[in-house]
Amino acid sequence: MQADACVPMDGGRRRSCVNPNPPSAYQRVCRLMPSAASAAVVLAALVVLCGWWMERSVWRGQIGAAAPMMPVSAVTFIVAAAALFLLRDESRGARLRLGGALAVVVVASGLLNRVEYLAGATFGLDRLLVADRFAAEGASYPWRMSAGTGLSFILIGTALFGLANPVLRRLAPSLALAVAAISMMVLISLAYGVVPGAAPASKPMSIPSAILLQALAVGVLCARPAWEPIAMLGRSGPGSVLARRLIPAALLILPFLGWLRMVGGRLGLYGHDFGIALFVVVTAAMVSGVVWHTAGVLDRMDAARVTAEQELRTQREQLQAIFDNTSYVMFIKDLEGRYLLVNREFERVTGLTRQTAVGRTVFDLVPPEAAESIWARERQALQTGGPVTFEAESSPLNDGMHTWLITTCPLTDARGEPTGVCGIVSDISERKRAEEDLRRAKEATETANRELEAFAYSVSHDLRAPLRHVSGFVELLENHAGAALDETGRKHLQRISAAAGRMGALIDDLLSFSRMGRTEMQRSTVDLGRLVDDVRREVEQGAAGRRIVWGVGRLPSVQGDPAMLRLVLTNLLSNAVKYTAPRPEARIEVQATRAGGETVISVRDNGVGFDPRYASKLFGVFQRLHHQDQFEGTGIGLANVRRIVERHGGRTWAEAQPDKGASFHFSLPEREEKAA
Amino acid sequence: MSDVKRILYVEDCAEDVELTLAALEQNGLANEVVVARDGVEAVEYLGRTGRFAAEPAGNPAVVLLDIKMPRMDGLEVLRWIRTQVHLRSLPVVMLTSSREERDIVESYQLGVNAYVVKPVAFQEFMEAVRTLGLFWAILNEPGPGALRHPAARRGAA
Numbered sequence: 000m001q002a003d004a005c006v007p008m009d010g011g012r013r014r015s016c017v018n019p020n021p022p023s024a025y026q027r028v029c030r031l032m033p034s035a036a037s038a039a040v041v042l043a044a045l046v047v048l049c050g051w052w053m054e055r056s057v058w059r060g061q062i063g064a065a066a067p068m069m070p071v072s073a074v075t076f077i078v079a080a081a082a083l084f085l086l087r088d089e090s091r092g093a094r095l096r097l098g099g100a101l102a103v104v105v106v107a108s109g110l111l112n113r114v115e116y117l118a119g120a121t122f123g124l125d126r127l128l129v130a131d132r133f134a135a136e137g138a139s140y141p142w143r144m145s146a147g148t149g150l151s152f153i154l155i156g157t158a159l160f161g162l163a164n165p166v167l168r169r170l171a172p173s174l175a176l177a178v179a180a181i182s183m184m185v186l187i188s189l190a191y192g193v194v195p196g197a198a199p200a201s202k203p204m205s206i207p208s209a210i211l212l213q214a215l216a217v218g219v220l221c222a223r224p225a226w227e228p229i230a231m232l233g234r235s236g237p238g239s240v241l242a243r244r245l246i247p248a249a250l251l252i253l254p255f256l257g258w259l260r261m262v263g264g265r266l267g268l269y270g271h272d273f274g275i276a277l278f279v280v281v282t283a284a285m286v287s288g289v290v291w292h293t294a295g296v297l298d299r300m301d302a303a304r305v306t307a308e309q310e311l312r313t314q315r316e317q318l319q320a321i322f323d324n325t326s327y328v329m330f331i332k333d334l335e336g337r338y339l340l341v342n343r344e345f346e347r348v349t350g351l352t353r354q355t356a357v358g359r360t361v362f363d364l365v366p367p368e369a370a371e372s373i374w375a376r377e378r379q380a381l382q383t384g385g386p387v388t389f390e391a392e393s394s395p396l397n398d399g400m401h402t403w404l405i406t407t408c409p410l411t412d413a414r415g416e417p418t419g420v421c422g423i424v425s426d427i428s429e430r431k432r433a434e435e436d437l438r439r440a441k442e443a444t445e446t447a448n449r450e451l452e453a454f455a456y457s458v459s460h461d462l463r464a465p466l467r468h469v470s471g472f473v474e475l476l477e478n479h480a481g482a483a484l485d486e487t488g489r490k491h492l493q494r495i496s497a498a499a500g501r502m503g504a505l506i507d508d509l510l511s512f513s514r515m516g517r518t519e520m521q522r523s524t525v526d527l528g529r530l531v532d533d534v535r536r537e538v539e540q541g542a543a544g545r546r547i548v549w550g551v552g553r554l555p556s557v558q559g560d561p562a563m564l565r566l567v568l569t570n571l572l573s574n575a576v577k578y579t580a581p582r583p584e585a586r587i588e589v590q591a592t593r594a595g596g597e598t599v600i601s602v603r604d605n606g607v608g609f610d611p612r613y614a615s616k617l618f619g620v621f622q623r624l625h626h627q628d629q630f631e632g633t634g635i636g637l638a639n640v641r642r643i644v645e646r647h648g649g650r651t652w653a654e655a656q657p658d659k660g661a662s663f664h665f666s667l668p669e670r671e672e673k674a675a
Numbered sequence: 000m001s002d003v004k005r006i007l008y009v010e011d012c013a014e015d016v017e018l019t020l021a022a023l024e025q026n027g028l029a030n031e032v033v034v035a036r037d038g039v040e041a042v043e044y045l046g047r048t049g050r051f052a053a054e055p056a057g058n059p060a061v062v063l064l065d066i067k068m069p070r071m072d073g074l075e076v077l078r079w080i081r082t083q084v085h086l087r088s089l090p091v092v093m094l095t096s097s098r099e100e101r102d103i104v105e106s107y108q109l110g111v112n113a114y115v116v117k118p119v120a121f122q123e124f125m126e127a128v129r130t131l132g133l134f135w136a137i138l139n140e141p142g143p144g145a146l147r148h149p150a151a152r153r154g155a156a
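First to last, the protein sequences are chains H and U. Numbering of the first sequence is given in numbering that gives the first Met the number 0, commencing with residue 0 and proceeding in unit increments. Numbering of the second sequence is given in numbering that gives the first Met the number 0, commencing with residue 0 and proceeding in unit increments.
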């Protein structure tokens, strides 16, 4: 049965499942029918043969005046049943050939009967099968099968052969139906007590033969459920539903009513005319009833179909709304690349309306090379059966080149056959431009960095030398002419010397700040507690004689560059020591808190503080909030702190009030980030 | 003061030369200093070519080498020295304004014996030059091939 089978289509290029649904009850019955019919026929034919051998007339089908089934008929039925069993599905090879051969035997048996009738002879094959003594019984039947059975064997044999033969296959269902009609005629005649075709040279078909022919005919029809007209009964459409209900009704009800009418007439329940009237009325009533019921079923089917259609339309509306309101260009093309369906964005970008776009191809829209590459990718999607994403460039809007990201996917129908491709296109020109800008900016930054490095190098060399000369020659001048100078002169020389020294310090700081931004980070785990202890000892050495109370809390280990973090803490702690100088007792606290995925380290002092209005300037290069003669310094320390912390992915901030101490904080992210 | 050995001082800047010589003079080390004004002159001196062709043979006890100079810079001179068989063990000290990491790294990779950044403050500069002079010109025992200067000059300071 074909219903749930995957059959090769299109010369085997692709396999497709015709009907993925489980088979219906009708289909299951249909599938069993050929085997069941074969079994029943073989069994019945064996009973008939036994009836001959064991002299049981009823077993042979001799009921009342009815003729028996002849032994040759019984054997032919067995051969036909075997052929049906072998050809019950679309098998190939030996089974097919053997089945075909058996079908030919069946035909031959029927033809032999025909020859007997035409020649008016009796070959007596039956007597080979049963003992000769039956002849002595003075049988009321000739020793040959009936003409109807013989004809039916020719027909059913040809139908069976048609199951195996591609030329005769078209005839098979019709022949099977013809056999069914003949045997039906026989059965109904017998039921009505009429002996059909009782010509002198003929004899009636036996009851078992008629029944077994029915079974074979049904078996042959069911063996190929995909062939018309039996296929019509298997489908789910309203016509099939109608056929499934009305045909059995017609086949069963009418003969039954006819029989009833006749039996009633014979029993004298009613006259002939009244009998006809009664038959017509009951027939009309029963046909109406069946039609009535069938109409209800069809109505319900139709209602379900209408509901399904509405749902489909709703879904279609929803998809259409998405289709038309997206910022992507979307379309569907057929297998030749012609647009079938396009969305509003497609219309906007191409300037075509739906009506004009349908039927065109991408070759009508973009230059040939671009179109060829797009079409090549779409064919690739069709071949691989999966989506393909690629980039293409074109300028459909006359506003410069656009870069498009195109995803194309193959489309198939319900049977899995390719019908075309879809396209989803987004304009990624902005992103491309941004990427290009970013790349240029990065290049520019790298160039700037290289220049800065060269600049710093030359500063390091060339700016320091004149300073050294200034201070050197001032010294030599003082040695040489110090005695000749008055107090003011010597003071001026000292000023010159100090200024040169200070400028040297500024240059050194500037270079160290520049280096801090350029040198490679060496990340490792840094124990902040130990680092603070080291730095504290270091800065205390420069503050001999001061009273400093330290409050260092528990400090965690962090990820970072040890040398850089040491510089951060050195700057913060030495600032704290420096700006608490006026206090009789300096108090400096170092604390760490963890929150929001970062560690915040805070350094608080009770020093002179600063005006919070200028807090934003604190971390700038050479920015100072105190005068040189109050507190010495170049103003590079906090700039270095900020640069280092930012390279670690953290933040720096400070708060203070004038004369009420200051707090400096920096954060370090706990998870290692890629920092510049 | 013991034996003062000859120093080759390579420096393009006249002021630096004057200050360095003043510093060496104060410490009695100036009489055995040969000054080359750039890398080319230094190579000429060490190879006894050009205007140094007539100089007596023998290597100086130490070469004080500036980095940034016209024509041929200090690093090139150092590279050249290390390729010469008779100069390979010659002590070379960078005396320069550059504190740049890459200069320091490259100098040591080329086999410099010491790297001294000239301090801006004169007192520190004096101290640095004095220390250098004392160590290389007096304390350090030079390798083979070094010029033993005439005894007559001994004790000139």
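Where is the CB? At the ideal position from N, CA and C, for every residue including glycine.
Check whether the Cβ of D15/U lies closer than 8 Å to any Cβ atom in chain H.
yes
For D461/H and V119/U, I'd like the C-alpha separation in whole angstroms.
12 Å
From L245/H to A216/H, what does the alpha carbon distance come to, in whole angstroms?
19 Å
Mind listing which residues of the stretch 119–142 of chain U have their C-beta closer than 9 Å to chain H's C-betas, in chain order?
V119, A120, F121, Q122, F124, M125
Same chain only: Cβ atoms within 7 Å of G49/U, ignoring 5 sequence neighbours per side:
E43
In the stretch 37–72 of chain H, which residue ranges form an unbroken alpha helix (DSSP H) of at least 4 residues, counting only runs that do not cross its ends?
none
To the nearest angstrom, how far is it from the Cα of G97/H to the Cα of V104/H?
In the sequence on display, residue 97/H carries Leu and not Gly. Roughly 11 Å separates the two Cα atoms.
So, is the C-beta of A35/U closer than 8 Å to a C-beta in chain A?
Any reference to chain A falls outside this structure, whose protein chains are H and U.
CB of D604/H within 8 Å of CB of T579/H, strictly
yes
Below 8 Å on the Cβ atoms is my guess for V557/H versus L509/H; work out the distance and round it to an integer in Å.
Going by Cβ atoms, the distance from V557/H to L509/H rounds to 28 Å, so no, they are not a contact pair.
For D496/H, which residues of its own chain have a beta-carbon under 6 Å away from its beta-carbon, when the five flanking residues on both sides are left out?
Checking the sequence, you will find Ser at residue 496/H rather than Asp. Counting only Cβ-Cβ distances below 6 Å, and skipping sequence neighbours, we find S470, V473.
Whose C-alpha, out of S182/H, V219/H, V567/H, is nearest the C-alpha of D88/H?
V219/H
State the Cα-Cα distance for the pair F51/U and A499/H, rounded to the nearest angstrom.
38 Å
Look at the alpha carbon of A375/H and the alpha carbon of Q309/H, and state the distance between them as a whole number of angstroms.
38 Å
Find the residues of chain U that neighbour A498/H, judging by a C-beta separation of less than 7 Å, and give them in chain order.
What A498/H touches in chain U: nothing, since even the nearest Cβ is about 11 Å away.
Ignore the nearest five residues each way along the sequence and tell me which others in A65/H's own chain have a CB closer than 8 Å to its CB.
L189, P203, S205, I206
Rounded straight-line distance, which links the Cα of N639/H to that of A482/H:
44 Å
Kindly give me the distance between the Cβ atoms of L7/U and A35/U, rounded to whole angstroms, as I take these residues to be in contact under 8 Å.
6 Å
What residues in the stretch 27–51 of chain U bring their beta carbon closer than 7 Å to a beta carbon of chain H?
none
Would you verify that the beta carbon of L94/U is, or is not, closer than 8 Å to some beta carbon of chain H?
no
L154/H: buried (16+ other C-beta within 10 angstroms of its C-beta) or exposed?
buried
Chain H contact for A113/U (CB, 8 Å cutoff):
Residue-level contact by beta carbon fails for A113/U and chain H, as no gap is shorter than 8 Å.
Using 8 Å as the limit for Cβ to Cβ distance, is R200/U near chain H?
Residue 200/U lies beyond the residue range present for chain U, which begins at 0 and ends at 156; the question has no answer from this structure.
List the endpoints of the continuous beta strand (DSSP E) containing Y107/U.
Note, Y107/U: premise wrong, no beta strand (DSSP E); alpha helix (DSSP H) at 100–108.
Through-space distance from E452/H to A369/H, alpha-carbon basis:
46 Å
Cβ contact (3+ pairs, closer than 8 Å) linking the stretch 600–615 of chain H and the stretch 652–664 of chain H
The way I'd put it, the stretch 600–615 of chain H does touch the stretch 652–664 of chain H; three or more beta-carbon pairs between them come closer than 8 Å.
What number of angstroms, rounded off, separates the C-alpha of R337/H from the C-alpha of A307/H?
30 Å
Amino acids of chain H, ordered along the chain, whose beta-carbon sits closer than 8 Å to that of L18/U:
The contacting residues are R467, H468, G471, F472, L475.
Mapping the DSSP letters down to three states, classify W652/H as helix, strand or coil.
In the structure shown, W652/H falls within a strand segment according to DSSP collapsed to helix, strand and coil.
Can you name the residues of chain H whose CB is closer than 8 Å to the CB of K4/U?
Going along chain H, no residue has its Cβ under 8 Å from K4/U, so there is no contact; the nearest lies around 25 Å.
Beta-carbon separation (whole angstroms), A214/H vs A39/H, contact threshold 8 Å
6 Å
Quick one: grab the DSSP three-state call for Y8/U.
It is a strand residue.
Start-to-end residues for the alpha helix (DSSP H) that takes in D526/H:
Run containing D526/H: none in the alpha helix (DSSP H); it sits in the beta strand (DSSP E), 523–526.
Using the rule of at least 16 other Cβ atoms within 10 Å of the residue's Cβ for burial, across every protein chain shown, is A447/H buried or exposed?
Exposed.
Determine, using beta carbons only, whether A21/U comes closer than 8 Å to chain H.
yes
For a contact defined as C-beta to C-beta under 8 Å, what are the partners of A575/H on chain U?
Neighbours of A575/H on chain U: none; closest Cβ ~28 Å, over 8 Å.
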